[in-house]
Each structure stands twice: as structure tokens, then as C-alpha cells.
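In what follows, a single structure is set out as C-alpha cells and then discussed.
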Amino acid sequence: MSDLPRREFLRRSAGLIGAATSLSMLPASILRALAIPAAVQSRTIEDIKHVVVLMQENRSFDHYFGTLRGVRGFGDPLPINLPSGRPVWFESDGTNEIPPYHLNPAISSALLVPDMPHSFSDAQAAWNQGIFGEWPLFKTQYSMGYYRRADIPFQFALAEAFTICDSYHCSVTSATDVNRIVLFSGSNFDPALRKEGINCTYQNAEVINERCLVGGAMPTPGYTYTGNAFTWPTLPDVLQAAGVSWRIYQDPNNNWNGLMHGGLAFKSFRQATAASGSALYEHGMTLRTIQDLEHDAASGNLPEVSWVLPSRKQSEHPAGSSPDGGAYFISQVLDAITANPSVWSKTAFFVTFDENDGLFDHVPPPAPPSFNAEGVLAGASTLPLAGEYFDGSTGGYLNSTTVTGSVRPWGMGARVPMYVISPWSRGGWVNSQVFDHTSFGMFLEQRFGVRIDSISPWYRAISGDLTSAFDFESPNDSALPVLPDMSDYATTNAAQAKLPLPTAPAQSQPLFQERGFRPSRALPYALHSTALIKNANVFLRFENTGTQGAVFHVYDQLHLDLIPRRYTVEAGKSLTDVWSSSADGGAYNLWVYSTNGFVRSFVGNASVWTASSFKPEVLVAYKETLNQLLLRAYNRGSQTGVITVTPNHKFLDLGVRTITVPPGRGGIEVEFSLKSSANWYDFTASSANFERRFAGRMETGEDGISDPAMAINL
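Per my numbering, the sequence shown starts with residue 2, numbered consecutively.
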């Protein structure tokens, strides 16, 4: 296929939603997937009778969807800053800045982008424990490349047809094996040691691709394994014991030498044989093709839980596969499980990615606090953290050039795509709750009443169970977009292989993201952060009045070379910490980040305040039932002063307001209606030597829209 026909194909398949030319290109099963209504009975998760998960390979969220309308992508209005003082986009290769750039398949082999380093050591180095800054130095220039809608039409169409999660993270800042073991068992490190408060080493945790990398062949002479076997129960073990039917659909001799199968790290799977009549062997280690999957669905024998494992060519991995090849495989799986409409009407299909390869993502991943250069914890937690860290003092798994020490928090890692494909998730929604690979295990807990004991308390506190991505009440009201046909992916790949490799442009490209918003699911968060200035100290309080735990990241803009402090705050709890401003002459500039665009900034100079001066402070509270935000300003000084409140975007119908604040702790309260902004807000309250910024979304328990500030400044 020449370049021109490909461009025409992409234009037609991505741009003509609902048109007859697109419909004619669609397999009938894809149309059925969109058209078959959910089988609503109890209007709860119990209506889902079948759960299918496909984990693909090595793509980051920004790489695939940083340009997608209505998600937290390249139009993020408040990204973190780097030690250079520049926004997070301006990553360096050690010599030059390489911001995100378009991987253009019209002029290069962009769909066959080379593989990048993605082991534990270089992944940790690129993340830099939250500092970021040198992603292409450790991951090559290709790490900053991204696609647009016309380049990967199937992936964009899936997002438009069903639900995309834009805060789904890989579980560990590491490689394939590590994250697939989490998917299959709930943890990559020994839960028994974690319960004793002991940090694991490489001997009792998966750090790199080791334990699932097998030799030999199935069924004869059988696999040969590397590394000692883990002994905690896998999800298949738990399901089997609970009488829940399950199966792994795979070619056991074409699953990337076992790396796609996270169960192979475990004693239960390694000891399973046909001779022993083991259910683990029969359901989890034998040949089960896509045709078998289709037959099981068509005959009404689809198990309650199914894993689908791709081959190398089908996996979407930057080396050995492509977005088009992966898209075709996803379409085959979707064809198979929609073969029987009555089965599909009761099915939830999850498609995610194990890790991000070397590909850049700009959102700081939630993680327990790191240890700083002095060996002191940079942050705090409302729950115990002993056992939630990797002890890298032996084994040589850490890059010696990266910041601080050999003890590193396990999770989470970079964002990766997650599609929730189901009759209960149609309509082009975005879900911005924090999820990771443990979320799949927690979803099974909710549906089947099992317990995945290996999921650690920290992951349980921070990561959701994916139920918020579904509409169990009225799932059949959504409009139905269409998906393009990707069956000709081999021709496309062959044409791509003839083009030159993509390269980062000599001149930085402007950031790009489609404008507009999409429907957004209600989230369980109600987060707050407030400040108190006392002498030369800044006291920050982090409070969580929601129903899901969250991580607050604090970036000190005056010391961006330091590891940001992180605070894990469980639902219904709070923390307070202190910063001294004396070394900076009383100046302070602290920015707090959390989920779904939650940002607070605290800027000022404490040294200019005297006993007789105006000493303002501002906090916000939510009046959810009235769609109102309450701003309370108070004055700890002895002089009356004025605070100016300025909206930072035109969509906020607030106007500039001035608030006169007399002395006294009683303060002044002002109410702001958020109806016109769909409960999103972003405004600055300021006075002399004093500035506070408040941004985020007030959750009301109702669905809404994505951030209207996304991409409006690009």
C-alpha cells in the first residue's frame, strides 16, 4: 500500500463516524458490540456474568492519547515544573530539550517506532522519584513521540465508543513481567514479608523480566523456569478455590517466551501438569485460540473470568508489533466475545497495557513518599508504609546516577491506556479515578465475593476497583459510534517499514490537543489542602473527606531539584507537615497536585509580615448539593486588608471580586456558583506578598464533563 491510500484509509475510518462508508468497513461483530443492549436485571455489578481482560504491551497514555479531546493530555493547564523551571514537557537528553513531538506515519516509519530501554533501573531514572527532567536521556528521543487521531484511528474510535480511563497507571515503575505478575496475583512483592513490615529484595520480589521468561515448550518437554517461584495465591488460584470458572486463552508456545503470562512466576502454575489433572494446567497452560474463545462465547460456555494473552506480533509492543497490529487483535477478540449477543450483553471487557516501555507520560504517578538525600522520608502517610518499598542495596538493579539511595517505593508507575468495553460503558466517557493493575483483582472481589489478600493496604487505599467506569442503572441510553476495520494492518506495516525512522524535530513543535470535552464519570474524591503561616514556617494540611484515598504531591518551586514530598491520605483522614522558609528569606512557593486536576498553590513571603500587618489566609470548602464553592478568608494580623479573587479562565462566570477582610479568626465567607462551569473551578486569591490558587472539580456524586480548561490555551 502506498502512502496516499493509507492516508485516505485513515481519513475515512477515523473521520466519518456514523457515515455509510465507515459502516461498510466494519465487521458485523463490532456493530453488534455497540448495538447489543446490556442485560439489565438487578442494576448492580451482579448483572455482569463474564469478565474478560486483555493486557497489551508497552504504550503510555500521553503517547497514545495526549492529543485526545477531553482527557488529561498535552493541554493540561497546570503541569508540574522541572528543575529547569520549565513545564514538564521540556525533557532533556542531557544536551538538548526534546518536548513531545508528532510521530508522523506519512513521512516516517512512525507506526514501527523502535523499542526503548524499559528495565527497572532506567524507568526509575526517568521518573527520578517525581522530579522528572531527563526522560529522553534514559529512554532515547523516541520516548517523547506521540500519535494523533488519524494515525491510530482504531484506538481513538474505541475511546469514542466506550470508556477511556485517563488516570490508570501501571503498578510498578518497571518492565513487563513485573506488572503482569501484579495483574495475575495482586502484587509483585511477597505479601507475607510486607505484612511483617519487611521491604523485599530481588530475591522475594519481581524487579525485572525474570520469573516468567521460560524455555522449553508446552506440552513437551515442558517449560523450564528461571528464578525462585513465588508462593502466594494467584487470581486463578483464588477463583478456582471459590468455584468461579476461569480460563486463559493463549498459545503457550507463542506468548513471548512466557512473558505475557504472569502466573508462570508462581509455584502453583509451575507444578501444574496434565498428569496430575490440575485445573491450573488445563485452564491456564494449554492451547486456547481466539477460535476457541469465539466457540465458548457462541455456545454459551464463556467462563466467568478470562484472560487473553497476545503473541509478540499482536501485542502492540514497539518492537515486533504496531498499533495497527494490536488494533486488529483487539478487534478479533471483540469479534469472538460478541459472537453470542446474549453473552456479550452480560460481559465486561478490559483492555489495558502492562507498562509504558520508554514512552513519556507527564502525570506524576501516585506513590508512597520517597527517601530524600539525607535518608529522611519526603512526605508521610496515614497508613503504615513498612514493607511497601524495594530494598535495592543488592542485585545491581538501580542506576547509580539517579537521585538518592537504594530504597524505592514500589508503586505506581506511568499512566497507560485502559479501555472499558462493555454494554455498560458505551458512549465515549472518560473516567479519571486512579486505577492500576490491582484494580482488576478488586473488580473481581466486588463481582464474585473473593478476596485477593496479596493486594497491599497502600494500593487498596489509592486505587479504585473500576466499578465507577460502569453505568449499572441506565446503560442503554448512550449513542453508538463506530469502529474502523483494521484487518489490513500487515499491508500498512509493510509500507511503514520502507520509510525512514522518525526523528525528533530540530525545532520544538507546539503542543497539541484536540479542544472540547467529553462526558466524565462521577469520582469518589473530596480533597482539601490549606496553609498556615507561622513565623518563618509554612504548615500545610492535607485532608480527604471523600471515600477513596489519594496522594498529594508537593513541588517546592524554589527547590525543584529536590524530590517532591508525597502524602498518602486515606479516605476520612488528614495530615499536616511543615516547611521552613528561613533559608529563602521568608519566601515560599509550594504547589500541591492530586487527582483529576486538583491543584493548590501557596506563594508568599513570611518575613514581611509583622504583628501589625495584614496576614490573610484563604481556604475553600464545597457545598455540593447547591453546586457552590465556599471561599473563607480570614486575617491573623491587626490591620484590615483586601484580597482580590480572579478567575483564571473565561468559562468561569465569576468575575473579579475584592474581599475586605478585617482582623479576627471569624473571617469573611463568599459563595461562588459553579453551575455554569459544570463544577470545575480555577481561580487565584491574592494580596501583597500573598497568593493562593485553587483548581479542580467539586464532586457531587453526579456524572459531569471533563476539564473545560483542557487545551484551551494551546
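Cβ atoms here follow ideal geometry from the backbone N, Cα and C, with glycine treated the same way.
Host beta strand (DSSP E) of residue i (start-end)
i                 : result
glutamine 629     : 629-636
valine 552        : 551-557
glutamate 692     : 691-698
valine 604        : 600-606
tyrosine 589      : 588-594
phenylalanine 75  : First-last for phenylalanine 75: undefined, no H or E at that position.
cysteine 166      : 164-166
phenylalanine 543 : 538-545
arginine 566      : 566-570
Start-to-end residues for the alpha helix (DSSP H) that takes in residue i
i              : result
valine 53      : Per DSSP, valine 53 belongs to no alpha helix (DSSP H); it is in the beta strand (DSSP E), 51-57.
serine 122     : 121-128
isoleucine 422 : Segment 419-422 is the beta strand (DSSP E) holding isoleucine 422; no alpha helix (DSSP H) there.
leucine 138    : 136-140
alanine 462    : 458-463
histidine 719  : Absent from the structure is residue 719, since the part of the chain shown begins at 2 and ends at 715.
Residue i, DSSP secondary structure in three states
i              : result
glutamate 446  : helix
leucine 576    : strand
threonine 439  : helix
asparagine 180 : helix
asparagine 97  : coil
alanine 158    : helix
alanine 40     : coil
serine 186     : helix
asparagine 105 : coil
glutamate 47   : helix
alanine 480    : Low confidence applies here, because alanine 480 scores a pLDDT of 46, under 50, leaving its location unreliable and the question unanswered by this model.
glycine 428    : coil
tyrosine 147   : strand
serine 530     : strand
proline 749    : Since the first residue of the chain shown is 2 and the last is 715, residue 749 is not available in this structure.
serine 469     : helix
alanine 712    : coil
asparagine 82  : strand
serine 687     : strand
methionine 413 : coil
leucine 27     : Confidence in leucine 27 is poor, its pLDDT being 42 and thus under 50, which makes the residue's placement too unreliable to answer from.
serine 707     : coil
serine 583     : helix
glycine 406    : coil
threonine 701  : coil
Whole-angstrom C-beta distance between residue j and residue i, which should lie under 8 Å
i             : j                 : result
cysteine 201  : arginine 181      : 17 Å between Cβ atoms; not a contact.
serine 583    : alanine 537       : 4 Å
alanine 194   : glycine 263       : Residue identity check: residue 194 is leucine in the sequence provided, not alanine. Not a contact, Cβ separation roughly 19 Å.
proline 38    : serine 346        : 6 Å
proline 84    : isoleucine 132    : 7 Å
glycine 605   : asparagine 680    : Their Cβ separation, rounded to whole angstroms, is 28 Å, which puts glycine 605 and asparagine 680 out of contact at 8 Å.
aspartate 63  : phenylalanine 361 : 6 Å
proline 369   : tryptophan 459    : 6 Å
serine 521    : serine 707        : 5 Å
arginine 73   : valine 364        : 7 Å
threonine 164 : glutamate 515     : About 18 Å separates the two Cβ atoms, so there is no contact after all.
glycine 285   : phenylalanine 270 : 6 Å
- [ ] Quick one: which unbroken beta strand (DSSP E) runs of 3-plus residues sit fully inside the segment 321-395? Chain order, please.
- [x] Segments of the beta strand (DSSP E) lying fully in the segment 321-395: 348-354, 380-382, 390-392.
Task: Runs of beta strand (DSSP E) lying entirely within the segment 259-311, each at least 3 residues, in chain order - done: Runs of the beta strand (DSSP E) inside the segment 259-311: 306-309.
- [ ] Report the residue ranges of all beta strand (DSSP E) runs contained in full by the segment 609-683; include only those spanning at least 3 residues, in chain order.
- [x] For the segment 609-683, the full-length beta strand (DSSP E) segments reaching 3 residues or more read 617-624, 629-636, 642-648, 658-662, 665-674 along the chain.
Task: Residue ranges of each alpha helix (DSSP H) within the segment 487-526, 4 or longer - done: DSSP runs (the alpha helix (DSSP H)) wholly in the segment 487-526: 490-498.
- [ ] Scan the segment 195-261 and note each continuous beta strand (DSSP E) run of 3 residues or more that stays entirely inside, going in chain order.
- [x] Taking only runs of at least 3 residues, the beta strand (DSSP E) segments lying wholly in the segment 195-261 are 216-218, 223-225, 247-250.
- [ ] Tell me, please, whether the segment 135-155 touches the segment 377-393 by the rule of three or more beta-carbon pairs shorter than 8 Å.
- [x] Verdict: no, contact absent.
- [ ] Taking 8 Å as the threshold, find out whether the segment 240-256 comes into contact with the segment 299-309 through three or more Cβ pairs.
- [x] The segment 240-256, when compared against the segment 299-309, does touch it at the 8 Å Cβ threshold.
Open item on the list: Three or more C-beta pairs under 8 Å: does that hold for the segment 443-455 against the segment 418-430?
Closed with: Fewer than three beta-carbon pairs drawn from the segment 443-455 and the segment 418-430 are found closer than 8 Å, and the two stretches are therefore not classed as touching.
Open item on the list: Whether or not the segment 549-559 and the segment 606-620 are in contact is what I'm after, with contact meaning three or more pairs of Cβ atoms, one per stretch, closer than 8 Å; do they touch?
Closed with: As far as the Cβ criterion goes, the segment 606-620 does not touch the segment 549-559, which means the pair count is below three.
- [ ] Spell out a yes or no on whether the segment 281-297 and the segment 335-342 are touching, meaning 3 or more CB-CB pairs, one atom from each, closer than 8 Å.
- [x] Contact holds: three or more Cβ-Cβ distances are below 8 Å.
Task: the segment 204-224 contacting the segment 424-435, beta-carbon criterion three pairs below 8 Å - done: Between the segment 204-224 and the segment 424-435, the count of Cβ pairs shorter than 8 Å is below three; the stretches do not touch.
Open item on the list: With three or more beta-carbon pairs closer than 8 Å as the criterion, would you say the segment 670-677 touches the segment 613-628?
Closed with: The segment 670-677 is in contact with the segment 613-628.
Open item on the list: For the segment 649-658 against the segment 555-570, do three or more pairs of beta-carbon atoms, one drawn from each stretch, fall closer than 8 Å, so that the two count as touching?
Closed with: Not touching, per the Cβ criterion.
Open item on the list: Tell me whether the segment 501-513 and the segment 92-103 touch, counting them as touching only if at least three CB pairs, one residue from each stretch, are closer than 8 Å.
Closed with: Judged by Cβ distances under 8 Å, the segment 501-513 makes contact with the segment 92-103, as three or more pairs qualify.
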